[in-house]
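As they're listed, the protein sequences go chains A and B. Just remember that the working numbering sits 369 ahead of the position in the first sequence, which is counted from 1. Oh and the second sequence: position 448 is 444 in the working numbering, straight run, nothing missing. Beta carbons: idealized from backbone N, C-alpha and C, even for Gly.
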Amino acid sequence: MTTTTAPVPSTEASTGASRPSARRRAAVAVAAFLACAIPVTFTMTITAMLVTGTHADHRFHQLTGQGLVLTALWLGALLPLARAGWRGRRPSTAAGYRHLALLGTGVAACAVAPGGGAPVLLAVATVTGAILWAALPLRPRLRGTVSVDPVLLPLALLVGAVLMPYAVDQLALQNAATTGYHSHNPHLYDMAWVVTTIAVLALVGAVVREARGLLTWVAAGCTVIGAAGLVTGESAIWSGAVLSLGLVSFLAPRLARSRTAAEPTA
Amino acid sequence: MPTLRRMPAPVVAPRPLRRRGVDGVHDALALRGSGATSTLVLAVLAAVASVVAALVVLTGDVWSYPPAPQLLVDAAVGLGFPVIAAVIAIADVTAGARTLGRVMLVSGVAAAFTALCTALALVLPPDATSTAVLVQLQALLWVPGFFPLITLVPMLYPDGLLPGRVWRLAASGATWGVVLLSVGMCLYPEPFAGPVPVEKPVTSEALALAFTLPGALLVVPAVLAGLAALVVRFRSSHGVARRQVGVLVVPAALLLVVTLAQGAIPSPWDVLAQAVATLLLPLAIGVAVTRHGLYDLDTAVRRALVAASLAVCLAGLYVSVLAVLRGLLGTDTTASAVLAAGTTGVVLQPLAKRLSAGVDRLYYGDRANPYAVLALLGQDLAAAGPDVSNVPQVVCHRVVSSLRLGGAEVELDVQDERRAVASAGSTVPVDAPAFDLRHRGEVVGRLRVAPRPGERGLDQRDAEILHHVADQAAPALAALQLHQQLQRSRESLVTTREVERRRLRRELHDGLGATLAGMRLQVESARRLVVDPTAQRLLDSTGDGIAQAVAEVRHICEGLRPPGVDDLGLGRAIELAADRVRAPGLHVTVEVGSLPDVGPAAEAAAYRITAEALANVVRHSGAGRVSVTLGAEDAVLVLTVEDDGVGLGPDVLRGVGLTSMHRRAEELGGRLVVSTPADGRGTRVRAVLPISEVSA
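(1) So what does Ser419 (chain B) bridge to, in DSSP terms?
(2) Would you identify the three-state DSSP class for Arg442 (chain B), choosing helix, strand or coil?
(3) When you compare the stretch 569 to 577 of chain A with the stretch 513 to 524 of chain A, are there three or more beta-carbon pairs, one atom per stretch, that lie closer than 8 Å?
(4) According to DSSP, simplified to helix, strand and coil, what is Ser604 (chain A)?
(5) With DSSP collapsed to three states, give me the class of Leu511 (chain A).
(6) Report the CB separation of Ala337 (chain B) from Tyr314 (chain B) in whole angstroms; it is logged as a contact under 8 Å.
(7) Can you name, in chain order, every residue of its own chain whose Cβ lies under 6 Å from the Cβ of Gln539 (chain A), other than the five neighbours on each side?
(8) Quick one: give me the first and last residue of the alpha helix (DSSP H) that Thr334 (chain B) is part of.
(9) So is Asp559 (chain A) in contact with chain B if we call contact Cβ pairs under 8 Å?
(10) At 4 residues or longer, what runs of the alpha helix (DSSP H) sit wholly inside the stretch 535 to 620 of chain A?
(11) Rounded to whole angstroms, how far is the Cβ of His80 (chain B) from the Cβ of Ile281 (chain B), which I believe are closer than 8 Å?
(12) May I ask which residues mark the beginning and end of the beta strand (DSSP E) holding Phe431 (chain B)?
(13) Closer than 9 Å, Cβ to Cβ, to anything on chain B: give me those residues from the stretch 525 to 537 of chain A, in chain order.
(14) For Gly567 (chain B) and Gly678 (chain B), what's the separation of their Cα atoms in angstroms?
(15) When you compare only the Cα positions, how much space is there between Val496 (chain A) and Ala311 (chain B)?
(16) Which value, in whole angstroms, describes the spacing of the CA atoms of Thr707 (chain B) and Ser385 (chain B)?
(17) Return the first residue and the last residue of the alpha helix (DSSP H) that Arg497 (chain B) is part of.
(18) Please determine, among B:Tyr184, B:Asp536 and B:Asp432, the residue with the shortest C-alpha to C-alpha distance to Gln468 (chain B).
(19) By the three-class DSSP mapping on this structure, what secondary structure does Leu25 (chain B) have?
(20) Are any of the Cβ atoms in chain A nearer than 8 Å to that of Arg322 (chain B)?
(21) Counting contacts by CB-CB distance shorter than 8 Å, is His517 (chain A) in contact with chain B?
(22) Could you tell me the alpha carbon to alpha carbon distance between Asp426 (chain A) and Thr433 (chain A), rounded to whole angstroms?
(23) Determine the contact status of Cys392 (chain B) and Glu405 (chain B), defining contact as a CB-CB distance below 8 Å.
(24) Relative to the alpha-carbon of Pro191 (chain B), which residue among B:Tyr61, B:Pro159, B:Asp356 and B:Arg357 has its alpha-carbon at the smallest distance?
(25) Could one say the Cβ of Val391 (chain B) lies closer than 8 Å to chain E's Cβ atoms, at least one of them?
(26) Can you tell me the Cβ-Cβ gap for Leu535 (chain B) and Val549 (chain B), rounded? I've got them flagged as a contact below 8 Å.
(27) Rounded to whole angstroms, what is the Cα-Cα separation between Ile407 (chain A) and Pro488 (chain A)?
(28) Could you tell me which uninterrupted alpha helix (DSSP H) segments, each at least 4 residues in length, are contained entirely in the stretch 512 to 599 of chain B, listed from first to last along the chain?
(29) To the nearest angstrom, how far is it from the Cα of Arg458 (chain A) to the Cα of Leu505 (chain A)?
(30) Interface residues of chain A around Ala311 (chain B) at Cβ under 9 Å?
(31) If you pair each beta-carbon of the stretch 415 to 433 of chain B with each one of the stretch 488 to 497 of chain B, do three or more pairs fall below 8 Å?
(32) When we look at the beta-carbon of Phe402 (chain A) and count the other beta-carbons within 10 Å, is it buried (16 or more) or exposed?
(33) Is it a yes or a no for the stretch 211 to 218 of chain B touching the stretch 156 to 164 of chain B, going by three-plus beta-carbon pairs under 8 Å?
(34) Could you tell me the distance, in whole angstroms, from the CA atom of Asp458 (chain B) to the CA atom of Ala368 (chain B)?
(35) What's the gap between the Cα of Pro460 (chain A) and the Cα of Leu501 (chain A)?
(36) Between Arg414 (chain B) and chain A, is any beta-carbon pair separated by less than 8 Å?
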């Protein structure tokens, strides 16, 4: 999207393709099943809650951190790994970063706000995720090329500036919730987890050339969170800002200047 | 990697641009004078007014009042358009473009102060005189703050000139319409819907209607004319100019649609949609400036981009770190702020360096990474395949795409003649920097490059990397040079051969043939005079021998040159060849255009290819109709033989006949293509043969 530079390995799964053994495939399948069990269950239950209107006052959380955005990020990190492993290919760098960012921010947020059963959830997610990585025939190449994009980095830091204070507030609220619904159902922690993951993905996408595609996840995540906030009556200013950043994240990679005159004329 | 050579004379050291760009705000202001300064001051005032207005509304608990959301549109215009106007003002652009800049500045300033008046009127005491004045001002300014954007701006974009003389009427209508509408809106007795309705100090419904109605009648068609002007300009422009106009077409149409649909869209989405659509206009112009080179502002935009990017990065980093630290350290805000500021300060220098490199890469490609350019060039050359004729194009394309240069051209020296064999990007000027392509100490050609738009010459780093590229490409281009020299020698040989054959044929036919014929007549005369039977037998035998020799000379003459070509001309000879294949089931047509003297080599090749193609039609095609077309176009002879037979199947192998036809075309430097006609039936043989300069 920015410039054509040194030849680098493709960010998509493409190298080292060889049909894995049946035993390896079985291991990948079992590991993927274990890793995807929780997010798939979450997706189904949250969708059911949204459809039936259960806990309607938590609709924003159901649409975003507690629910659909979280599970989209989670499954979006796991499925490319599992798919590449099943085919015997090396997963893309971006897929590896996606999974690590999700688990890393989850663990960090859990360390700050350990209430409501978050440590158990993170432990299961980390262990099953680690098993999936161990089962992969080829692991993602995480050593990317550091190449700061002058358009995407400010955008990523703006995303961080809008999302990080929110995450800190949510963690503080989670810690403060010692009784009631949120004390055993850590929606606030989930919200902090999701927005922090998005902020980290934005930063990685702006800095690592092979992970530029992460900006699409940032754009989608911010757009959904912002729109859900506006629809469900969250702070209009914050939601509008997040929605705007989401839309800009969709456009920014495409607006980067590229010379188009290099067409043959003779 | 090749060693670095000294930079040759044509490469100029980087110098500040004076004619086609800007180099820093100070230089630009010095160039443009007080006009640019006042534009910049007004632009800053408008931006400040817009931001202050937005902050006042967002912090003043007045969002629920109807004028507040409208303020978003005014603030968007007040922020976006003065920025573009300021950029145009400090650039070395045409007078027309400056006119466009002034329109955007006036509109932006009016919108910004509309926003400020609205914001202040919402928060100031409703009964204060100043509030009423602000309301009156707001009513006066919002029309010039918005309508020029959908009338005059699309009409004048991008060069500030109207698409034609007829558009003057529309532009005048838009201007007068905006003026009349502004006065009408200012005088209209509609109270300001703040916390308490505020009346304007000066109102007159009759006067307001008198101004508003004609104003509206002028503005409405002007709005449509604005969009139409943009579409007309888009359709009539090409290349980069088309892309520059194209980026504004959709935002302008969207703004028009959103504006027309204001009543149908529920609040506050109507205002939000209009604000977004309004902001898209300066964004689109920004895209045209940065991406499509509008106004040649690369240098200024590059520097501005580094500064803006760094500022936003530092602000974002500071806020993020501060938020995290406040979460970790609790309420100790001073310590958090100090630590956040410290962190930001620590990353300032490396971040600036990285961002500068990133922007540099955005504009100059891989100039800072010669290895990447050479690696990609190597890949391109490997992917180009064995045909060395592709090499110059590959080199030009790589140079332009990897270094973002304006254009590139490869010239090759072939037999004391230098000619351009490939180019990419824009046209390369005659005095453009050139880099010798050296192979084994000999210059085989030159790589000429056009500097980037807005730059006068090449940077030292550009020169160094272009030397490397030239060194890398030179062996492949030397191979191409050899190939071309070989081809020219081959063409020369073939031409010489045919010239010599024609001469030989003429000598044999007119010299030896005529002599033998004369001798035969003499022998026959002598035979009639002698009575001795032995002498008669001897003379008969001599006469037969001479007749046989005459026949052999004729046979040799026919073998040297195609029959009839030298005597009757190529066109007639081909018609005779076509006559020979005519049969009851095969309709043959021949169409011969006006032919210059095409030279003996092209004549022979054209005749032989025609004869072979017709023979193939008779033998293999099963065609009922065949047409032969011969004509000359731009120093080439074009021959087409097309039939309606069974055509060439996918598995057809090239036989002796096809190979011979291809060889005859190629040895002259021409080409032959055997294909299936558009209707899918039959076969078409098309030969393009260069007309030889040697015709003696």
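According to the structure data:
(1) B:Glu405
(2) strand
(3) yes
(4) coil
(5) coil
(6) 7 Å
(7) Leu557, Met560 and Ala561
(8) Correcting the residue identity first, residue 334 (chain B) is Val in this sequence and not Thr. Segment Thr329 to Tyr360, the alpha helix (DSSP H) holding Val334 (chain B).
(9) no
(10) 550 to 553, 556 to 576 and 583 to 601
(11) In the sequence as presented, His is not what sits at residue 80 (chain B); that position holds Ile. That belief holds up - the Cβ atoms of Ile80 (chain B) and Ile281 (chain B) are roughly 5 Å apart, short of 8 Å.
(12) Ala430 to His435
(13) Ala525, Leu526, Leu527, Val528, Gly529, Ala530, Val531, Leu532, Met533, Pro534, Tyr535, Ala536 and Val537
(14) 24 Å
(15) 37 Å
(16) Only positions -3 to 692 of chain B appear in the structure, and residue 707 (chain B) is not among them; the question remains open.
(17) Gln456 to Arg502
(18) B:Asp432
(19) A caution first: Leu25 (chain B) carries a pLDDT of 46, below 50, which makes its placement in the model unreliable, though a value can still be read off. DSSP places Leu25 (chain B) in helix when its eight states are reduced to three.
(20) yes
(21) It is Val, not His, that sits at residue 517 (chain A) in the sequence shown. Yes, because at least one Cβ of chain B sits closer than 8 Å to the Cβ of Val517 (chain A).
(22) 13 Å
(23) yes
(24) B:Tyr61
(25) Here the protein chains are A and B, and chain E is not one of them.
(26) With 8 Å as the limit, Leu535 (chain B) and Val549 (chain B) do not qualify as a contact, their Cβ atoms being about 21 Å apart.
(27) 14 Å
(28) 529 to 556, 561 to 564 and 566 to 577
(29) 9 Å
(30) Pro523, Leu526, Leu527 and Ala530
(31) no
(32) exposed
(33) no
(34) 14 Å
(35) 12 Å
(36) no
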